[in-house]
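See structure below.
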């Protein structure tokens, strides 16, 4: 009855089914791994965002690479803004996905070192992209700033090309090594996204908090792949039984047609 399973069509179908089962199981484990990674990342970010603010030099020094556990940590710094060496970061968007600039201002600490401060987003309202935009001034004199510690931006990590030959005082990436060479100063590794003091008139628009990654979706995908893997052999059995039934019925019809009619 089941000799049809040796046919070329059914041998191929069976081999494909046998290949799909472990593939789907592996995909389910891959999605579960992604779920665990994203859950851990969300927990790490949440802990950092709610951390107590500490002096920035407790976490970073000149040449330091900000680690994953240090990213988004709340830090404070005392000093003054150096607007004379301020630059803007091109092609940045705000919460409404409007393209503009981020304002990057050196902040000179009381010990002379420099901290890069991303003061937030401003619109690209200049007559052309080659014109330096109008930037709201930061607080003058000695101030205390608070922000989220961020790692240096690189092309590899961000996908943003570090274009050369840009107009004066415009950059593509926020990178402490590049800024150290430009300023000729000791610049702390990484930078901070300013959270306080809040700007007057809501400009620059402060950079928003990072969102959480959708870990639950990966969990759902893992369950889905495992259900698919269980459905493959079930579907194969259903197809085999249907084929056997159809062949049996066809054989009965052929037998009935072959029998001579009774007089």
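Numbering (the working numbering), first residue to last: 8 to 270. Idealized CB from N, CA, C, for every residue including glycine. All values reported here derive from a predicted model rather than from experimental measurement.
From what residue to what residue does the beta strand (DSSP E) around residue i run?
i, result
"residue 118", "From DSSP, residue 118 is part of no beta strand (DSSP E); its letter is neither H nor E."
"residue 136", "Counting along the chain, residue 136 falls outside any beta strand (DSSP E), and DSSP gives it neither H nor E."
"residue 78", "First-last for residue 78: undefined, no H or E at that position."
Can you tell me where the alpha helix (DSSP H) holding residue i begins and where it ends?
i, result
"residue 86", "Taken as a continuous stretch (DSSP letters only), residue 86 belongs to no alpha helix (DSSP H), being part of the beta strand (DSSP E) at 81–88."
"residue 247", "222–265"
"residue 50", "15–56"
"residue 189", "183–190"
"residue 163", "162–165"
Using CA atoms only, rank isn't needed, just tell me which of the options is closest to residue i.
i, options, result
"residue 227", "18, 35 and 19", "35"
"residue 179", "139, 96 and 243", "96"
"residue 127", "118, 240 and 199", "199"
"residue 158", "248, 69 and 44", "69"
"residue 195", "177, 11 and 116", "116"
"residue 88", "149, 12, 118 and 72", "149"
"residue 214", "140, 136 and 79", "79"
"residue 81", "9, 55, 244 and 249", "55"
"residue 84", "113, 91, 160 and 107", "113"
"residue 187", "48, 18, 93 and 223", "93"
"residue 43", "224, 65 and 106", "224"
"residue 57", "220, 248 and 202", "202"
"residue 73", "146, 45, 11 and 160", "160"
"residue 139", "108, 152 and 162", "108"
Can you pull the DSSP bridge partners for residue i?
i, result
"residue 198", "157"
"residue 177", "95"
"residue 101", "Residue 101 pairs with nothing; no bridge assigned."
"residue 150", "86"
"residue 12", "DSSP, once it has assigned bridges, lists no residue as partnering residue 12."
"residue 212", "128"
"residue 61", "82"
"residue 203", "153"
"residue 112", "124"
"residue 69", "195"
Should the segment 61–75 be regarded as contacting the segment 252–261, the criterion being three or more beta carbon pairs within less than 8 angstroms? no
Between the segment 225–240 and the segment 27–42, do three or more beta carbon pairs fall short of 8 angstroms? yes
Could you say if the segment 118–125 and the segment 167–177 meet the contact criterion of at least three C-beta pairs nearer than 8 angstroms? no
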